[in-house]
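Read through the structure below, which is laid out as structure tokens, and then see the notes.
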Amino acid sequence: MPEQVAWKRTMDGRLLIFSGNANPALAREIAANLRMTLGRAMVGEFKNGETRIKIHDNVRGCDIFIIQPTCTPVDHNLMELLLMIDAVRRASARRVTAVIPYYGYAKQEKKTAGREPISAKLVANLIRTAGADRVLTMDLHAPAIEGFFDIPVDHLQAAPLLSDYIHGLNLQNPVVVSPDAGGVGRANRFRERIGAGLAIIAKQRPEPDTAEVIEMVGEVEGKTAIIVDDMISTGGTLIEAAQALVERGARKVYACATHGIFAADALELIARSDVIETIVTNTIPQSAAAATARVRAISVAPLFAEAIMRIHKDLSLSALFS
Ligand code: R5P
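Structure below.
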């Protein structure tokens with residue numbers, strides 16, 4: 090084999106995909122989309138509670154993708170990710186991409202008072218220090234988090250998938266609603282995709298994990314409202330927004346969010362609410378209870394699979410962002 094060809098083959102590296110325990114179903118689906126199976130690894134625990142990792146496949150010279158959203162249990166899933174990166178790095182992987190469909194700690198991206206951490210930045214430092222060369226993620230709570238990494242970040246959007254679904258419902262007189270001032274840009278882009286009006290809610294948080302509607306701008310009376318957010322955690326923002334919309338005469342209320350965290354009793358609250366259907370993605374695994382709360386999860390696996398293949402082949406990802 091000519092020397093140059095042999096050298097190129099080593100540099101191309103074999104594509105291998107591993108998963109932690111955060112969302113193995115998504116990881117398997119991504120691999121299936123690439124007509125692959127997941128790499129073999131043991132991701133478990135020692136009896137003392139410490140995370141235990143053993144990569145079974147040879148990864149020397151390989152192009153490694155580790156799929157692990159840092160959803161609940163957040164710290165545990167984060168630790169699995171860090172240790173898996175460390176393991177493949179020490180086993181001479183050529184390149185390591187941390188595939189983090191949902192980036193936990195993202196809401197702690199700034200200090201809101203003195204003597205608080207900027208946790209989203211610390212997590213970025215940890216991922217880099219563990220040995221990741223790149224990050225592939227989706228709908229970061231604040232786009233500026235991308236800048237917390239000194240390595241390339243490919244930032245996918247769920248809006249095309251979510252808006253296609255909404256478009257297919259042929260809703261009468263739709264209006265897209267941002268449930269807070271921070272989400273106006275996101276809601277406006279969504280509105281453009283489906284050709285709808287826009288309404289904006291001003292929200293306040295009297296204390297962490299509680300939300301209150303202060304004011305609403307935009308016409309919603311007699312319309313079908315679609316609340317668009319990046320995530321649903323306690324469900325407080327969504328429930329308050331839905332109530333305010335119904336009080337102002339909205340005929341029907343739908344909700345879309347990329348990340349369905351559904352913390353605490355969020356699903357029960359949503360089940361009892363006026364929201365007809367809540368559409369999320371499978372960046373975070375959904376429990377059986379989600380269906381009883383009229384939650385539908387749309388798969389992001391084909392999109393992540395395409396992104397992984399393009400990264401592996403050094404192709405542009407721009408087409409995936411539009
Ligand atoms: C807020 O800035 C976010 O975009 C979401 O509106 C918020 O994280 C949702 O949280 P919760 O469901 O707990 O109100």
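Heads up: the sequence shown begins at 90 in the working numbering, then just goes up one per residue. Every residue gets a Cβ at the ideal spot worked out from N, C-alpha and C, and that includes glycine. All values derive from a computational prediction rather than experimental measurement.
Test item: CB-CB of residue 240 and residue 224 under 8 Å: yes
Segments assigned beta strand (DSSP E), at least 3 residues, entirely inside the region 196-274
223-227, 242-245 and 263-267
Q) Should residue 230 go down as buried or exposed, given a rule of 16 or more other Cβ atoms within 10 Å for buried? A) buried
Exposed or buried, what is residue 303 when buried is set at 16 or more other beta-carbons lying within 10 Å of its beta-carbon?
exposed
query = Helix, strand or coil: which one does DSSP assign to residue 326?
reply = helix
*asked:* Rounded to whole angstroms, what is the Cα-Cα separation between residue 117 and residue 305?
replied: 42 Å
Per-residue DSSP class, three states only, for residue 279: helix
Going by C-alpha distance, which of 109, 291 and 316 is nearest residue 271?
291
### Query
Between the region 175-194 and the region 355-364, do at least 3 Cβ pairs fall closer than 8 Å?
no
Note to self: For ligand 1, is there any heavy atom lying closer than 7 Å to the beta carbon of residue 321?
What the structure shows: yes
Review point. Does DSSP classify residue 357 as helix, strand or coil?
Key: helix
Note to self: Less than 6 Å between C-beta atoms, sequence neighbours within five positions excluded: which residues of the same chain meet that for residue 325?
What the structure shows: 299 and 300
(Q) My output table needs one value for residue 388: the three-state DSSP class, helix, strand or coil. (A) coil
Who are the Cβ neighbours of residue 191 in its own chain at under 6 Å, not counting the five residues just before and after it?
158, 160, 348, 372 and 373
Practice prompt. Decide if residue 375 is buried, meaning its Cβ has at least 16 other Cβ atoms within 10 Å, or exposed.
Written response: buried
Would you list the residues sitting across from residue 108 in a DSSP beta bridge?
-> 156
Task: According to DSSP, residues forming a beta bridge with residue 401 - done: Partner(s): none; residue 401 has no beta bridge.
Exercise. Does ligand 1 have even one heavy atom less than 7 Å from the beta-carbon of residue 326?
Worked result: yes
**Request:** Could you pull out every residue in the same chain whose Cβ sits closer than 6 Å to the Cβ of residue 250, ignoring the five residues on either side in sequence?
**Result:** 387
**Report entry** Whole-number beta carbon distance between residue 105 and residue 151, since they are thought to touch under 8 Å
**Finding:** 5 Å
Indicate, with yes or no, if ligand 1 has a heavy atom lying under 7 Å from the CB of residue 136.
no
Under 8 Å between C-beta atoms of residue 246 and residue 410
yes
- Using the beta-carbon count (16 or more within 10 Å), is residue 405 buried or exposed? exposed
Classification of residue 201 by the beta-carbon crowding that lies within 10 angstroms, buried from 16 upward: exposed
Exercise. Sorry if obvious, but does the Cβ on residue 268 come closer than 7 Å to a heavy atom of ligand 1?
Worked result: yes
Requested in this report: State buried or exposed for residue 195, treating a residue as buried only when at least 16 other CB atoms are found within 10 Å of its CB.
Outcome: buried
| Since residue 315 contacts residue 268 with CB under 8 Å, what's their CB separation in whole angstroms? | Going by Cβ atoms, the distance from residue 315 to residue 268 rounds to 11 Å, so no, they are not a contact pair.
### Task
Report the option in 266, 408 and 140 whose CA atom is closest to the CA atom of residue 285.
266
Spell out the partners DSSP gives residue 145 in its beta bridges. Its beta-bridge partners do not exist; DSSP assigns none.
- [ ] Report all residues from its chain with a CB closer than 8 Å to the CB of residue 381; omit the five preceding and five following residues, and keep chain order.
- [x] 356 and 360
Say the cut is 7 Å; is the CB of residue 402 nearer than that to a heavy atom of ligand 2?
-> Ligand 2 is absent from the structure shown, which contains only ligand 1.
* Going by beta carbon distance, what residues of the same chain come within less than 7 Å of residue 222, once the five residues before and after it are set aside? -> 184, 185, 186 and 240
Extent of the continuous alpha helix (DSSP H) to which residue 177 belongs
163-179
Which residues bound the beta strand (DSSP E) around residue 184? 184-189
Heavy atom of ligand 1 within 7 Å of residue 200 beta-carbon: no
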